[in-house]
Amino acid sequence: MKRRSFLKVAGAAAGAAAVSLDSVVGLSAAAPVIADRSGMPRRALGRTGLKVSIVGFPGFSLKQESQEKCTAAVHQAFGRGVNYFDVAPAYANGECETKLGVALQGLDRTTYHLAYKTKMRDGGGCRAELERSLQRLKTEYFDVYQLHHLVQPADAKKALAPGGAIEAILKWPRSKVKFGSSGFPRTRRKPRWKRCGAFRSTR
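Take any residue in the sequence shown, count from 1 to its spot, add 8: that is its number in my numbering.
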């Protein structure tokens, strides 16, 4: 199935089209492309060892949809080869997490990757939110853990400071979560967090 056709199907089912992982996690265009039995191309996600579909399922699209429609959309996407599901507690105050958690029940947890992102910058808030999200999504772990909307120098400094989100994340078992960052504006210029020197100043 062509990508355009798949996006139309997913859009009709969930009320919003699935989005390319190229825009979500910044996959390199040079990454080796493989395909699963459904024919959906997959690429290596950086150095994580994960092989993810080039089209991901946007958890935000589940907002204000019935659980029945949400479950149907998730299962249809999974059946067509999508194995990367993105969600955040900020999406409809946890509503999207809850719906996605229900929709994913019955699917083999080892056959898909669950990506989560937080706007919390302090370690305590980060840990508390993680536990709530694990319960909503009915899972024991996240495959990808991201800092959501990390665009301001102050955000980077707080996250990297002692007692911050990064310190907390690094203390979690590697089998529990991985982490990255998201929310950078799509531009050819360096993201603001790289230009501001926040990472250098907090080492």
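Beta carbons are placed, not taken as given, at the ideal position from N, Cα and C, and that holds for glycine.
> What is the rounded straight-line gap between the Cα of residue 163 and the Cα of residue 154?
Replying inline: 13 Å
> Are at least three pairs of beta-carbons, each pair with one atom in the segment 45-54 and one in the segment 101-112, less than 8 Å apart?
Replying inline: no
> What are the complete beta strand (DSSP E) segments, minimum 3 residues, inside the segment 41-83?
Replying inline: 41-43, 49-52, 59-61 and 63-66
>> Taking its Cβ as the centre, do 16 or more other Cβ atoms sit within 10 Å of residue 116, making it buried, or is it exposed?
In response: exposed
> Name the DSSP bridge partner or partners of residue 122?
Replying inline: DSSP output for residue 122 lists 93 as bridge partner(s).
>> On the CB-based measure, 16 or more other CB atoms within 10 Å of its CB, does residue 66 come out buried or exposed?
In response: buried
> Under three-state DSSP, which class holds residue 108?
Replying inline: In the structure shown, residue 108 sits in a helix (DSSP, three-state: H, G or I).
> Are there 16 or more other CB atoms within 10 angstroms of the CB of residue 101, so buried, or fewer, so exposed?
Replying inline: exposed
>> Quick check: residue 156 and residue 179, are their CB atoms within less than 8 Å of each other?
In response: no
> Can you round the beta-carbon distance between residue 120 and residue 141 to whole angstroms, since I take them to be within the 8 Å contact cut?
Replying inline: Not confirmed; about 16 Å, so no contact.
>> DSSP three-state label for residue 155, please.
In response: strand
> Considering only residues of the same chain and omitting the five flanking positions on each side of residue 91, which have a CB-CB separation below 7 Å?
Replying inline: 60, 61, 119, 120 and 121
>> Assuming contact is defined by CB atoms lying nearer than 8 Å, are residue 129 and residue 167 in contact in what I supplied?
In response: yes
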